[in-house]
Each structure stands twice: as structure tokens, then as C-alpha cells.
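Chemist: Here it is, the structure, as C-alpha cells.
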Amino acid sequence: MSNKVPITVAHGDGIGPEIMDATLKIILAAGAQIDIETIEIGEKVYLRGNSAGIEPGAWDSLRRTKVFLKAPITTPQGGGYKSLNVTTRKTLGLYANVRPCISYHPFVKTVHPKMDIVIIRENEEDLYAGIEHRQTDEVYQCLKLITRPGSEKIIRYAFEFARANGRKKVTCFMKDNIMKLTDGLFHKVFDEIAAEYPDIENESWIVDIGAAKMASTPENFDVIVLENLYGDILSDVAAMMTGSVGLAGSSNIGEHCSMFEAIHGSAPRHAGQDKANPSGLLLGAVLMLIHIKQFDVATKVHNAFLKTLEDGIHTYDLYKEGLSKKKVGTNEYAEAIIARLGQKPTTLKAVNYQASDTNVVETGKHKETFRAKKELVGIDVFIDWKKGTAIEFGNSLKDVKTKNLELQMIGNRGTKVWPDGLPETFITDHWRCRYFNPEKGKIISNSDVVELLDAINKAGFDFIKTEHLYNFDGEAGYSL
Ligand code: NAD
2 MSNKVPITVA
12 HGDGIGPEIM
22 DATLKIILAA
32 GAQIDIETIE
42 IGEKVYLRGN
52 SAGIEPGAWD
62 SLRRTKVFLK
72 APITTPQGGG
82 YKSLNVTTRK
92 TLGLYANVRP
102 CISYHPFVKT
112 VHPKMDIVII
122 RENEEDLYAG
132 IEHRQTDEVY
142 QCLKLITRPG
152 SEKIIRYAFE
162 FARANGRKKV
172 TCFMKDNIMK
182 LTDGLFHKVF
192 DEIAAEYPDI
202 ENESWIVDIG
212 AAKMASTPEN
222 FDVIVLENLY
232 GDILSDVAAM
242 MTGSVGLAGS
252 SNIGEHCSMF
262 EAIHGSAPRH
272 AGQDKANPSG
282 LLLGAVLMLI
292 HIKQFDVATK
302 VHNAFLKTLE
312 DGIHTYDLYK
322 EGLSKKKVGT
332 NEYAEAIIAR
342 LGQKPTTLKA
352 VNYQASDTNV
362 VETGKHKETF
372 RAKKELVGID
382 VFIDWKKGTA
392 IEFGNSLKDV
402 KTKNLELQMI
412 GNRGTKVWPD
422 GLPETFITDH
432 WRCRYFNPEK
442 GKIISNSDVV
452 ELLDAINKAG
462 FDFIKTEHLY
472 NFDGEAGYSL
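Numbering-wise (the working numbering), the sequence shown opens with residue 2 and increments by one.
Dropping the structure here:
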């Protein structure tokens, strides 16, 4: 029986096919034991009328091999095309996006010579759940969903990754001074899990100042764990700080399957010219080789890549007069790496991936969520109204009440405008009307909510959504 590991490969669009050919040529020359199943994804599939950009049959291959090496694809312009990356990550449960961002000073020009950061980005939740609604003429919303198991999985993954890879510190960026419940949960889970890893230093920063610190002194960071949107933005910033987007690879890790890719896109303007830098995809393939436990091959490929950079053999994006020795195309670059298989860099730090389990991170661990005592104490009713001021709106709504629910306050875009609002506050047609039981703290039922909505409707107001106000073990589960 063959001991080759089956993997699924997609050659992608634009520069994708060229950099995939170069990558496969290098890893096969290094002795990778892989059995390749090829699938077609991306532009051609989209333009055949498949809005997901992937044929149903391709999922069978991905579910069978569980390992996906993917070249970048082009998402056609115009509406109606779903992001294949988001679909793949969510469908296959690839919750952890891991992006090492490393400087190759003095061989690649960068203002940050000592940078060596791994960004670990949550891949499935946050504003990327894709739950958006237009609610009034003026107001559109996108739901930010942060879950306890999702936060536990990604944060534990970051600490396990740090421990397995000899890294010393995990930093969390979030914005819980503003998003007290969602980012507050992420921060709380970070503190809980950090306590289980006394051997790893931990710290947290509000994302704005954290990002500024990362951009100015990246040498003070090691592993950074973030929610989806912050991670999306900051991992591109970090990759660019190393010198070129063409240099960074990434893995998308799930409990069942994993996907490996370059972080850049299909750069269609450079396609078909034997010009693009294949390093990002090659380093994605190195992460794949570690994942499938072909440590010797991963080590050999990575060291030959470092040696090639050191020898000044550079593609156009890295080439600098005086710094580089030779400008090469995609193919010649791949040949140069192949010629150096077995060699190690002399100035840059050589890698040595071990056959022990040290570089393999156990994934997906999270505790069962503890069931809290949940009590319904009120309701936010959102109303579409544009006939006057906040005082006029409050005065016309305040008499609409039921036995168990009474209007307590009205907000507009998160600012309280009634009672006691200020005329300076800018208002839109989207009003959040908060109702509680007049008997303070008394629990209400869904029947009370239905009765209230009926009364609001009969009074001629257009309610557009509701949010239940729950206490969980006596603690408010809503922003105050
Ligand atoms: P891009 O990353 O494709 O290219 C931006 C620029 O970066 C290029 O013009 C080029 O100058 C440089 N560049 C990127 N990769 C390079 C490489 N390997 N070697 C040398 N230079 C390189 O970003 P874009 O132009 O915004 O997007 C083009 C297409 O790629 C779009 O259709 C987009 O949707 C898609 N995209 C796909 C992925 C993916 O499949 N993972 C990711 C991002 C963008």
C-alpha cells in the first residue's frame, strides 16, 4: 500500500497556476510523499453560473483527503458571487487562520529587521457571519457574533501553538472598552485560558493601541490572537511590514480538515508572465508538510528557500539593486530552490521541524458551555419613525403600555434621546425603545412581549425588530 498522503490541490486563477506548479515541483523534488487530487475552483466555475465558485463534487475530494493546498482565485466583479474563501472556511469549520510574518533582514528590504510574529485569527465568527439587514430608509446593520466555544477554540489554539513552537508570549487584541459583551467575552476567555498556560507570557491590548504598537515595535510581539475582522486587517498589515505580500503563507486549521495557501490574491495583472513570487504558497505548503507530519521534507524546503533568499536570487517584487544578485522569474526561482535542497542558510535562522509532536497542535478543544439561569426581564423594540423630534416620539409612545411592560427609555444609534435627551444629538429613523416591567426586576414572558407588540402595532407604530433582554445568573446580558 502507498504511504503517500492524499491531498486536494486547486491551481486557482491569475498567477495561481504558475505559483502552484513551482510549489509542487519544489516539494516533490524535496521528497514530499503526496497523492494529488486536483479540483477546479474559482473564476471559471463562477462564470459557469455557480455562485459559490466550487462544484459540489469538489467537496467530496476535500472531505476525503482533509488536506487542501489552494492557489489564489479571482472573484469576478459584480454582485452575486459568494467569497469562496469564506465559504470554504465556514463549511469545513476551519476556525484558526495562522499567518507567520517574518522579516528576512538584511536580504529583503524592510523597516522592521527583527520582526517574527505569528498572527492567529479567528476565522468563522464576528462580523463575517454575514448576517446583515436593511431595517429602515436610513439604517443598515451587520450582526457581530462572538461565541464562547469559538473564542475558547481559537485562544486555546494560540496557546497550544505557542507552546508547540517554542514561542514565549501570546497577546490578545480586542476592544472591550466599547464592545463590553462581545469583545468582553473574548477578553475574559483569554484571561481564563492564559491562566492554564503559566509557562507562556500573556498580555492584552485594546486593538487600536495594540495595532499601533505592532506597527512601530513588532519585535515586542510573538503570537497575537484576534477576532476575525481585526485579524483580517492586521495580518495583511503585518505581512506587508516584512517586505512583500508575496512572502507570507498561511494555514486554515479545523477539527476535520485544513487548508494551506498564500495570503495574497491572484494578481491577475501579473498572470502568465513567469514573474510572480511563489514563496507565499511555498511557505503555505511547508505548513501543510508539517501538518501531514513530513517534517524532514518541510525542513528541507524551508531551509532551501531561506538559502535562496540569502543568495540574493529574487523575484521582481523583492529585487533591489545592490541588495539582490539576480532577478529571476517564477520558474528560475523554483529551480534555484531545488538546487539548494539539502543546504541551510548561514545568516538567517535555519529551521528544524521535529518528528516528535512538537510542531503539531491539538485542535478544537473547548469546554461544554455552562447553562446559566436565564430570565427575561425586558424587551428592546426597534421602531421605524421619522415624523419629528425625540421628545415628540417619546411623548407619543409613552402611553403605549401593557400590564407588565412600560417604556423606560428610547435610544437612537446607541445614544439615549428620551427622556432627558439633548436637542444636539443627531437622530435617524431607527429608534430603540426599551421596555421593562414597572415592578422593578420582575420577570416577564414571551406572551407579555406579544401583547406589547400588538399594542404598539395597534397604536400605529412600525416595529421592525426586537431584542430580548435577559439576565444570566442575575447579570444583565445586554448593554445598559
Ligand atoms: P493581490 O494580492 O492579488 O495583488 C495585489 C498586488 O500585490 C499585485 O498587483 C502585485 O503587485 C502584488 N502581488 C501579489 N502577489 C504577488 C506575488 N505572488 N508575487 C509578486 N507580487 C505579488 O490583490 P488584489 O489585486 O486586490 O486581488 C486580485 C484578485 O485576487 C481579486 O479577484 C481578489 O478577489 C482575489 N483574492 C484572492 C485571494 C485568495 O484566493 N486567497 C486573496 C485575496 C484576493
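By construction, the Cβ of each residue, glycine as well, lies at the ideal position given by its N, Cα and C atoms.
All of these numbers come straight from a predicted model, not from anything done at the bench.
#1: Starting from the C-beta of residue 66, find all residues in its chain whose C-beta is less than 7 Å away, skip the five residues before and the five after it, and write them out in chain order.
#2: Please go through the same chain and pick out, in chain order, the residues whose beta-carbon is closer than 7 Å to the beta-carbon of residue 311, but skip the five residues on each side of it.
#3: Measure the alpha-carbon distance for residue 370 versus residue 166 and round it to whole angstroms.
#4: If you count every other CB in all the chains shown that lies within 10 Å of the CB of residue 448, and 16 or more means buried, which is it?
#5: Is residue 267 close to the ligand ZN? I mean its beta-carbon at under 6 Å from any heavy atom of the ligand.
#6: Does the beta carbon of residue 171 fall short of 6 Å from some heavy atom of the ligand NAD?
#7: Which residues in the same chain have their Cβ closer than 6 Å to the Cβ of residue 321, if we skip the five residues on either side of it in sequence?
#8: Residue range of the beta strand (DSSP E) that residue 431 falls in?
#9: Tell me which same chain residues have a C-beta within less than 7 Å of the C-beta of residue 469, skipping the five on either side of it?
#10: Please tell me whether residue 434 and residue 401 are closer than 7 Å, where the distance is taken between their beta carbons.
#11: If the criterion is Cβ atoms closer than 7 Å, does the pair residue 154 and residue 96 meet it?
#12: Pick from 229, 219, 256 and 471: whose alpha carbon is nearest that of residue 240?
#13: Pick out the complete alpha helix (DSSP H) segments inside the region 246-319, 4 residues or longer, and give them in chain order.
#14: What is the rounded straight-line gap between the Cα of residue 164 and the Cα of residue 353?
#15: Report yes if the C-beta distance between residue 276 and residue 313 is below 7 Å; otherwise report no.
#16: For residue 96, does the three-state DSSP call read helix, strand or coil?
#17: Buried or exposed for residue 359, going by 16 or more other Cβ atoms inside 10 Å?
#18: Compute the distance between the beta-carbons of residue 102 and residue 249, then report whether it is under 7 Å.
#19: Could you pull the DSSP bridge partners for residue 123 from this structure?
#20: Under the three-state reduction of DSSP, which class applies to residue 183: helix, strand or coil?
Modeler: Quick look at the numbers:
#1: So the list reads 7, 8, 9 and 38, once near-sequence residues are dropped.
#2: 108, 346, 347, 348 and 349
#3: 29 Å
#4: It is exposed - the Cβ of residue 448 has fewer than 16 other Cβ atoms within 10 Å.
#5: Absence of the ligand ZN from the depicted structure is noted, with the ligand NAD being the only ligands included.
#6: Proximity of the beta carbon of residue 171 to the ligand NAD is not indicated: no heavy atom of the ligand is located closer than 6 Å.
#7: Result list for residue 321: 110, in chain order.
#8: Note, residue 431: beta strand (DSSP E), 431-437.
#9: Non-local beta-carbon contacts of residue 469 in its own chain, meaning distances under 7 Å to residues more than five positions away in sequence, involve 377 and 380 in chain order.
#10: no
#11: yes
#12: 219
#13: 280-292 and 296-311
#14: The straight-line gap from Cα to Cα measures roughly 16 Å.
#15: no
#16: coil
#17: A caution first: residue 359 carries a pLDDT of 46, below 50, which makes its placement in the model unreliable, though a value can still be read off. Burial call: exposed.
#18: yes
#19: Within the DSSP secondary-structure output, residue 123 pairs in a beta bridge with 97.
#20: helix
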